[in-house]
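*Asks:* FYI, the numbering for the sequence shown is 104 to 318, going by the working numbering.
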Amino acid sequence: MYPPASAGEACRGQQHSNAFAQVNPLKKVPALKDGDFTLAESVAILLYLSRKYKAPDHWYPQDLQACARVDEYLAWQHTALRSSCTRAMWQKMLFPVFLGEQVPPEMLASTLAELDGCLQLLEDKFLKDQDFLAGPHISVADLVAITELMHPISAGCQVFKSRPKLAAWHKRVEAAVGEDLFQEAHAAVMKAKDMPPADTATKERLKPLMQFLLK
Numbered sequence: 104m105y106p107p108a109s110a111g112e113a114c115r116g117q118q119h120s121n122a123f124a125q126v127n128p129l130k131k132v133p134a135l136k137d138g139d140f141t142l143a144e145s146v147a148i149l150l151y152l153s154r155k156y157k158a159p160d161h162w163y164p165q166d167l168q169a170c171a172r173v174d175e176y177l178a179w180q181h182t183a184l185r186s187s188c189t190r191a192m193w194q195k196m197l198f199p200v201f202l203g204e205q206v207p208p209e210m211l212a213s214t215l216a217e218l219d220g221c222l223q224l225l226e227d228k229f230l231k232d233q234d235f236l237a238g239p240h241i242s243v244a245d246l247v248a249i250t251e252l253m254h255p256i257s258a259g260c261q262v263f264k265s266r267p268k269l270a271a272w273h274k275r276v277e278a279a280v281g282e283d284l285f286q287e288a289h290a291a292v293m294k295a296k297d298m299p300p301a302d303t304a305t306k307e308r309l310k311p312l313m314q315f316l317l318k
């Protein structure tokens, strides 16, 4: 795996360096380099690693229908939960704190309403009355979902408030992963609020992203 970027490095666009582009021409994190083999996209990397290291079956089941449930969530989250979580973090925290840009209140309210709708779908469509998103056992679907939710949580969004079912799921995921490893995995995003303000060059480099997230 290419050395992980901190929240500050990612926000400042370190992934746009020529060195990083040799690993991932898309210039996005994460990226993996395994010998001469390189791979982009977080979900693809997760599935590659689970297969290469023969992870326990529950992470990405061999059973056709159990695997399809994991795939179903992974296909949905790209344009749903991930999108709303990313926008919520940037609009609520990173724009005002890191970039010094205020987001129109009505835009933030719309984004948070969109996030709330995604959380409802996460409960009703995927979690239901199960212990985990794809069934009775934890899978990569749960890892991807909780990682996305940590972004608005880091910005102060109370994503589990009035959602006891999701809150209980969160605790089960943390327990299954292990508290220490869970905290370590999310330490960078939870510290994003402490980043110093961006300099002019960084703001200029982030203009395309800013325009996209303020649509």
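Backbone N, C-alpha and C fix where the C-beta goes; we use that ideal spot for every residue, glycine too.
This one's a predicted model, so the numbers in the text were calculated from it and none came from an experiment.
Per DSSP, what kind of secondary structure is residue 232 in: helix, strand or coil?
*Replies:* Residue state, collapsed to three classes: coil.
*Asks:* Within the continuous beta strand (DSSP E) that includes residue 142, where are the two ends?
*Replies:* Segment 140–143, the beta strand (DSSP E) holding residue 142.
*Asks:* Work out the CA separation of residue 150 and residue 158 for me, nearest whole Å.
*Replies:* So the two alpha carbons sit approximately 10 Å from each other.
*Asks:* Report buried or exposed for residue 180, applying the criterion of at least 16 other Cβ atoms within 10 angstroms of its Cβ.
*Replies:* Residue 180 should be labelled buried.
*Asks:* Is residue 191 helix, strand or coil when you go by DSSP?
*Replies:* Looking at residue 191 - three-state DSSP - the assignment turns out to be helix.
*Asks:* How far does the alpha helix (DSSP H) with residue 134 in it reach, from first residue to last?
*Replies:* Unbroken run through residue 134 is the beta strand (DSSP E), 134–137; no alpha helix (DSSP H).
*Asks:* Residue 195: buried (16+ other C-beta within 10 angstroms of its C-beta) or exposed?
*Replies:* The residue is buried, with at least 16 neighbouring Cβ atoms inside 10 Å.
*Asks:* Threshold first: 4 residues or longer. Then list the alpha helix (DSSP H) segments lying entirely within the region 226–312, N to C.
*Replies:* Qualifying alpha helix (DSSP H) stretches, in chain order: 243–257, 267–280, 282–288, 290–293 and 303–308.
*Asks:* Return helix, strand or coil for residue 173, following the three-state DSSP convention.
*Replies:* Here residue 173 sits in helix by DSSP.
*Asks:* Which term fits residue 214, buried or exposed, when burial requires 16 or more other beta carbons within 10 angstroms of its beta carbon?
*Replies:* Residue 214 should be labelled buried.
*Asks:* Please state the DSSP three-state secondary structure of residue 314.
*Replies:* In this structure, residue 314 counts as helix in the three-state DSSP scheme.
*Asks:* State buried or exposed for residue 270, treating a residue as buried only when at least 16 other CB atoms are found within 10 Å of its CB.
*Replies:* The residue in question, residue 270, is exposed, as its Cβ has fewer than 16 Cβ neighbours within 10 Å.
*Asks:* Quick check: what's the CA-CA separation for residue 325 versus residue 152?
*Replies:* Here the chain comprises residues numbered 104 to 318, so residue 325 is not present and cannot be evaluated.
*Asks:* Using the beta-carbon count (16 or more within 10 Å), is residue 163 buried or exposed?
*Replies:* The residue is buried, with at least 16 neighbouring Cβ atoms inside 10 Å.
*Asks:* In angstroms with no decimal places, state the Cα-to-Cα distance between residue 166 and residue 237.
*Replies:* One C-alpha to the other measures close to 12 Å.
*Asks:* Please say whether residue 218 and residue 248 have beta carbons closer to each other than 7 Å?
*Replies:* No, they are not a contact pair.
*Asks:* Leaving out five residues on either side along the sequence, give the residues of the same chain with a beta carbon under 7 Å from the beta carbon of residue 161.
*Replies:* Only 240, 241 and 242 meet the Cβ criterion.
*Asks:* Helix, strand or coil: how does DSSP classify residue 203 here?
*Replies:* In this structure, residue 203 counts as coil in the three-state DSSP scheme.
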